[in-house]
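Q: Residue numbers (the working numbering): 1122 to 1426. Glycine included, every Cβ here is placed at the ideal spot set by N, Cα and C. These figures come from a predicted structure and were not determined experimentally.
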Amino acid sequence: MLHGFAYPGAILGFDFAGTVAAVGSAVTRPLQPGDRVCGSADSMNRQRPSGGAFAKYTSCPASLVVKIPADMPFTDAAGLGTSLASAGLALFHSLKLPASLEYPADRPIYVLINGGSTATGTMAIQLLRGCNLRPIVTCSPDHVELVTSYGAEKAFNYHSPTCAQDIRAYTRNALAFAVDCITQPSTMKLCYDAIGRAGGRYVALDPFLESQNTRKVVKPNWILATSVTGRGCSWPAPYGRDGDREIRAWAEGFFSTVQPLIEAGRIRSHPVKICPGGLPGILEGIESIRRKEVRGFKLVYPMEW
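Dropping the structure here:
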């Protein structure tokens, strides 16, 4: 996060896993010090500068943390929080799929996940399977085995010049829902070209150019994972926004629903690479992400104090 995103004194970092140190007096959820939890922190927010995850202590709404199963190590749990928020918000709040984890589909339909080997992608695949829907994905040939292991029905090579046409043929020109985990002009075009003749909905994980909205029958949207807190965001436009209590209420219900699925082993974390160096080592990890060296796994830095 650079330029208008960075704020002196504010702490960076989203995903975290650790033990509860203290519980606020207004918390009604049965949490107590010592419980193992994970979640997504309020990173680099000038309205809550101490809220980021790259620290000894962080804070998070009790209703938006996941209790870590006894057989899941912290290093795996550290990859759950933000991917859950992103995938859940995209699939159920934005796309408004005709199915949910509580009420699975009677008639499975296709949902495209562009960037299926990303952390949000593998989480979306699992959530779609939990709804009895049919996740199809784009990824590189190197990651077909990965996405298939998480439940993808079919993987398409995004390098192929006929990728969109191949998806249209596979879905019989009936694809109506697409999640774009990459969000570039080329990937938005791929998703639009893959959506069937009748149109549908497209959701991105970042803002997109309005000029890319080339089909009137496709309704586009984009999500900001941190909005699940219901608090405002201090980042520059178009990210900055006021808090939204409706999204917070939705997120609380969603996290409550996924908790038993995680305990049952039906939802698992994206593959992780455990890195040395503790808190100082994160700086090298950030640089490796900028160099686009991180693909198919998340970097996790265990802290020692």
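Would Arg1352 and Asp1163 be called neighbours here (beta carbons separated by less than 9 Å)?
A: Residue mapping note: residue 1352 aligns to position 231 of the sequence shown, counting from 1. Residue mapping note: residue 1163 aligns to position 42 of the sequence shown, counting from 1. Yes, the Cβ-Cβ distance between Arg1352 and Asp1163 is below 9 Å.
Q: Just the Cα atoms here: how many angstroms apart are Ser1281 and Gly1134?
A: Position 160 of the sequence shown, counted from the start, is the residue given in the question as residue 1281. Position 13 of the sequence shown, counted from the start, is the residue given in the question as residue 1134. If you take the alpha carbons of Ser1281 and Gly1134, they lie about 35 Å apart.
Q: Can you tell me whether Ala1358 is buried or exposed, with buried defined as 16 or more other CB within 10 angstroms of its CB?
A: As a working note, residue 1358 is residue 237 in the sequence shown. Exposed, since its Cβ has fewer than 16 Cβ neighbours within 10 Å.
Q: Should the region 1181-1199 be called in touch with the region 1232-1244, which here means at least 3 C-beta pairs below 8 Å?
A: no
Q: Between Ser1207 and Ile1344, which are expected to be in contact by the criterion C-beta below 8 Å, what is the C-beta distance as a whole number of angstroms?
A: Walking along the sequence shown from the start, residue 1207 turns up at place 86. Walking along the sequence shown from the start, residue 1344 turns up at place 223. Yes, Ser1207 and Ile1344 are in contact; Cβ-Cβ is about 7 Å, under 8 Å.
Q: Could you spell out the range, first to last residue, of the alpha helix (DSSP H) harbouring Ser1270?
A: To locate residue 1270, count along the sequence shown from 1; it is residue 149. Here the alpha helix (DSSP H) through Ser1270 covers 1265-1270.
Q: Can you have a look at Gly1237 and say buried or exposed, based on whether 16 or more other CB atoms are within 10 angstroms of its CB?
A: Here residue 1237 refers to the residue found at position 116 of the sequence shown. Answer is buried; the Cβ neighbour count reaches 16.
Q: When DSSP builds the beta bridges, which residues end up paired with Gly1081?
A: Residue 1081 lies beyond the stretch modelled for the chain, which goes from 1122 to 1426, so this question has no answer here.
Q: Is it a yes or a no for the region 1317-1330 touching the region 1292-1309, going by three-plus beta-carbon pairs under 8 Å?
A: yes
Q: Would you mind reading off the limits of the beta strand (DSSP E) that contains Pro1256?
A: Within the sequence shown, the letter at position 135 stands for residue 1256. First-last of the beta strand (DSSP E) with Pro1256: 1255-1260.
Q: Looking at the strands, I want to know which residues DSSP matches up with Gly1139.
A: The sequence position of residue 1139 within the sequence shown is 18, counting from 1. Looking at the DSSP output, Gly1139 bridges to Val1158.
Q: Report the three-state DSSP secondary structure of Tyr1231 (helix, strand or coil).
A: Residue 1231 sits at position 110 when you count from the first residue of the sequence shown. Of the three classes helix, strand and coil, the one that applies to Tyr1231 here is strand, per DSSP.
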